[in-house]
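Asker:
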Amino acid sequence: MFRSLILLTMASCCLSMVAAFSGGTSSTATLKPLGKKSTALNVLEFLNKKQKLANYVHLDGSSDKESTSVAVVTGGNSGIGVESVSTLALANFNVVLCARNIESANEVVDSLPSSLREKVRIQRLDLADMKSIQAAADEIIEKEGKIDVLLNNAGVMSPPKRETTAQGLELQFGTNHVGHHLFTRLLLPVIEEGGRVVTVASTAHSFGQLNFQNLNYDPENSEEKRDYTAWGAYGQSKLANILFAKGLDDRLKKADSSIISLSLHPGVIGTNLWRYSPKWTRPILNAIIADKTVEQGAATSMYCCLASSETFQGGEYLSDCQIIEPNKFGQDETGSLRDKLWVATEKIIKENGVDLSEDLN
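All the letters of the sequence shown, read from the start, carry residue numbers -20 to -1, 1 to 341 under mature numbering (1 follows the signal peptide of the UniProt record, and there is no 0).
#1: Indicate whether the contact test is met: 3 or more Cβ pairs, each with one atom in the region 119 to 137 and one in the region 276 to 296, closer than 8 Å.
#2: Does DSSP put Ser299 in a helix, in a strand, or in coil?
#3: Taking His245 as part of the beta strand (DSSP E), name the residues at either end of that continuous run.
#4: So, with DSSP's three-state summary, where would you put Gln114?
#5: Which of helix, strand or coil does DSSP assign to Gln152?
#6: So the candidates are Ser337, Lys226, Ala324, Leu162; which of them puts its Cα closest to the Cα of Phe292?
#7: Is it true that the region 316 to 323 meets the region 53 to 61, where meeting means three or more beta-carbon pairs spaced less than 8 Å apart?
#8: If Thr67 sits next to Leu24, beta carbons under 8 Å apart, how far is it from one beta carbon to the other, in whole angstroms?
#9: May I ask which residues mark the beginning and end of the alpha helix (DSSP H) holding Arg165?
#10: Would you tell me roughly how many angstroms separate the C-alpha atoms of Leu340 and Gly148, rounded to the nearest one?
#11: Going by DSSP, what residue range makes up the alpha helix (DSSP H) through Glu326?
#12: Quick one: is Ala235 buried, meaning 16 or more other Cβ sit within 10 Å of its Cβ, or exposed?
#13: Give the DSSP-derived three-state secondary structure of Leu70 in the structure shown.
#14: Within its chain, find whatever has a CB closer than 7 Å to the CB of Ala117; leave out the 5 residues flanking it on each side and keep chain order.
#15: Within 10 Å of its beta-carbon, does Pro13 have 16 or more other beta-carbons around it, so buried, or fewer, so exposed?
#16: Who are the Cβ neighbours of Asn57 in its own chain at under 7 Å, not counting the five residues just before and after it?
#17: Cα-Cα, which of Gln216, Gln114, Pro306, Lys123 is closest to Ile102?
#18: Would you call the CB atoms of Ser299 and Leu244 closer than 9 Å?
#19: Taking DSSP as the reference, what is the three-state secondary structure of Ala51?
#20: Which residues in the same chain have their Cβ closer than 8 Å to the Cβ of Asn332, if we skip the five residues on either side of it in sequence?
#21: Which term fits residue 389, buried or exposed, when burial requires 16 or more other beta carbons within 10 angstroms of its beta carbon?
#22: How big is the Cα-Cα spacing for Gly4 and Leu21?
#23: Is the beta carbon of Ser94 less than 9 Å from the beta carbon of Ala213?
#24: Taking the DSSP output, what are the residues bridged to Ala304?
#25: Alpha carbon to alpha carbon, what distance is there between Asp198 and Ser49?
#26: Look up Lys272 in the DSSP assignment and say whether it is helix, strand or coil.
#27: Quick one: give me the first and last residue of the alpha helix (DSSP H) that Asn132 is part of.
#28: Let me confirm a value: Ser217 is counted as buried when at least 16 other C-beta atoms fall within 10 Å, else exposed. Which label applies?
#29: Do we get a CB-CB distance below 9 Å when we pair Leu14 with the residues of chain C?
#30: Let's test the definition: count the other Cβ atoms within 10 Å of the Cβ of Lys99 and tell me whether it reaches 16, buried, or not, exposed.
#31: By how many angstroms is the C-alpha of Thr273 removed from the C-alpha of Glu200?
#32: Return the CA-CA distance between Asp40 and Ser238, expressed in angstroms with no decimal places.
#33: Report all residues from its chain with a CB closer than 8 Å to the CB of Ala324; omit the five preceding and five following residues, and keep chain order.
#34: Which residues mark the beginning and the end of the alpha helix (DSSP H) in which Gly215 is found?
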């Protein structure tokens, strides 16, 4: 939900953009570089001045052109997803807010200014259930027809005990990676050329490893014993996010597509991702570990979604609105790890009754 302070911040940033359009300083040389403390609205203002965003909304809700661009955001009902939805709407996208919890999604939409509220549509999506993913993708394709930006933002972080998806996959790997892989593959035919697929990963990929003999931390796996740890499983899913983004971009290039696939670390943010931690520890975690606000946490996502195509070659990993290198496993210089993950993921999906097109394999 937007608090009054957030609305004031939005208004202040929008006024700055209006000033720029009405004769204020627009030289890129005077722009403050984006970095760790930049907010999503700072990114919008920066890019609007630098590259003259086509989809600009004025403070009164009017626009220089009718909104025709479509953005799909998973997990848009909490944390940085809320800020991402509002910023994309402010950039004059029609936004499909995908969420499992429809009640909280409605609360998010109701909290938006009226000029933005009409640009957001809610779509039920449970990334821990392949049937829900298929149903959501079918409905989005039917209602929207085309997509310009897909932001794979939703995530599950560090449940203390091993949990599973509807199809029996370890919850974090199944939701964060397999769910987004399937969702992206189903929507890919309607993503416009020049569009963007952005996947929120994490620096936590650094303590994740892909064990292909037991990706699910299955205690009944007799071939490969693997004890479940909350952060090990989370790290595995985030490493998979980076490799998925790279693997997808490889395949898009081979298909001569101009769609760009990216991944990013949003920062450590005090959001409801801490929900599996004891309540008394959450303020401590926010004070000691969190290094960004929600508004700052959505900045790199917005940069990946909105920066011009010339900014990227494709497959990059970003943090603080800058291209950086993930660890050696995430870099995967030979491409063998991401190819192996792609094949394993497609096999998991097929074994659960979903047939995907072979054009990217």
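Even glycine gets a Cβ: it sits at the ideal position worked out from N, Cα and C.
Answerer: Looking at the coordinates:
#1: By the Cβ criterion, the region 119 to 137 is in contact with the region 276 to 296, since at least three pairs of Cβ atoms, one from each stretch, lie closer than 8 Å.
#2: As a working mapping, residue 299 is identified with position 319 in the sequence shown. Ser299 carries a strand assignment under DSSP once its states are collapsed to helix, strand and coil.
#3: In the sequence shown, the residue the question calls residue 245 occupies position 265. First-last of the beta strand (DSSP E) with His245: 240 to 245.
#4: Mapped onto the sequence shown, residue 114 falls at position 134. In the three-state reduction of the DSSP assignment, Gln114 falls in the helix class.
#5: In the sequence shown, the residue the question calls residue 152 occupies position 172. In the displayed model, Gln152 falls within a helix according to three-state DSSP.
#6: Along the sequence shown, read from residue 1 onward, the residue named residue 292 stands at position 312. That would be Lys226, whose Cα lies nearest to the Cα of Phe292.
#7: No, the region 316 to 323 is not in contact with the region 53 to 61.
#8: For the purposes of this step, residue 67 is identified with residue 87 of the sequence shown, where counting begins at 1. For the purposes of this step, residue 24 is identified with residue 44 of the sequence shown, where counting begins at 1. Between Leu24 and Thr67 the Cβ distance is about 6 Å, and since that is below 8 Å, they are a contact.
#9: On the sequence shown, position 185 is the one that residue 165 refers to. Residues 160 to 167.
#10: Residue numbering aside, residue 340 sits at position 360 when the sequence shown is read from its first letter. Residue numbering aside, residue 148 sits at position 168 when the sequence shown is read from its first letter. Straight-line Cα distance between these residues: approximately 26 Å.
#11: What you label residue 326 is simply residue 346 of the sequence shown in a count that begins at 1. Looking at the DSSP string, the run of the alpha helix (DSSP H) that includes Glu326 is 316 to 331.
#12: Walking along the sequence shown from the start, residue 235 turns up at place 255. So Ala235 counts as exposed.
#13: Sequence index remark: in the sequence shown, residue 70 carries index 90 (1-based). Looking at Leu70 - three-state DSSP - the assignment turns out to be helix.
#14: Translated into the one-based positions of the sequence shown, residue 117 becomes position 137. Here the set comprises Phe163, Leu166, Leu167.
#15: Here residue 13 is taken as the residue at index 33 of the sequence shown, counted from 1. Flag for Pro13 reads exposed.
#16: Residue mapping note: residue 57 aligns to position 77 of the sequence shown, counting from 1. Correct list, in chain order: Leu77, Ala79, Asn81, Ser84, Ala85, Val88.
#17: Taking the first residue of the sequence shown as position 1, residue 102 is located at position 122. If we check each option's Cα against that of Ile102, Lys123 comes out closest.
#18: Counting from 1 along the sequence shown, the entry for residue 299 is found at position 319. Counting from 1 along the sequence shown, the entry for residue 244 is found at position 264. Between Ser299 and Leu244, the CB-CB gap stays under 9 Å.
#19: Position 71 of the sequence shown, counted from the first residue, corresponds to residue 51. Of the three classes helix, strand and coil, the one that applies to Ala51 here is strand, per DSSP.
#20: As a working note, residue 332 is residue 352 in the sequence shown. These residues qualify, in order along the chain: Met110, Gln147.
#21: Because the chain is modelled from -20 through 341, residue 389 falls outside the range shown and cannot be assessed.
#22: The residue labelled residue 4 in the question sits at position 24 within the sequence shown. The residue labelled residue 21 in the question sits at position 41 within the sequence shown. Note that Gly4 scores 34 on pLDDT, short of 50, meaning its location in the model is unreliable; the coordinates nonetheless yield the value given after this. Taking the straight line from one Cα to the other gives about 18 Å.
#23: Reading the sequence shown from its first residue, position 114 is the one you call residue 94. Reading the sequence shown from its first residue, position 233 is the one you call residue 213. In this structure, Ala213 does not lie closer than 9 Å to Ser94 by Cβ.
#24: Counted from its first residue, the sequence shown places residue 304 at position 324. Checking the sequence, you will find Ile at residue 304 rather than Ala. DSSP links Ile304 through a beta bridge to Tyr297.
#25: As a first step, residue 49 must be located in the sequence shown, where it is residue number 69. As a first step, residue 198 must be located in the sequence shown, where it is residue number 218. Between the alpha carbons of Ser49 and Asp198 lies a gap of roughly 42 Å.
#26: Position 292 of the sequence shown, counted from the first residue, corresponds to residue 272. Reduced to three states, the DSSP call for Lys272 is strand.
#27: As a first step, residue 132 is located in the sequence shown; it is residue number 152 there, counting from the start. Under the DSSP assignment, Asn132 falls outside any alpha helix (DSSP H), being part of the beta strand (DSSP E) whose first and last residues are 127 to 132.
#28: As a working note, residue 217 is residue 237 in the sequence shown. Under this definition Ser217 is a buried residue.
#29: In the structure shown, chain C cannot be found, because there is only a single protein chain.
#30: Here residue 99 refers to the residue found at position 119 when the sequence shown is read from its first residue. Burial is judged here by how many other beta carbons sit within 10 angstroms of a residue's own beta carbon; Lys99 has at least 16 and is buried.
#31: Reading the sequence shown from its first residue, position 220 is the one you call residue 200. Reading the sequence shown from its first residue, position 293 is the one you call residue 273. Glu200 and Thr273: Cα-Cα distance of roughly 41 Å.
#32: Mapped onto the sequence shown, residue 40 falls at position 60. Mapped onto the sequence shown, residue 238 falls at position 258. Per-residue confidence for Asp40 stands at a pLDDT of 42, beneath the threshold of 50, marking its modelled position as unreliable; the derived number appears in the next sentence. Cα to Cα, the separation comes out at about 34 Å.
#33: Mapped onto the sequence shown, residue 324 falls at position 344. Answer for Ala324: Phe192, Leu195, listed in chain order.
#34: Sequence index remark: in the sequence shown, residue 215 carries index 235 (1-based). Start and end: 210 to 234.
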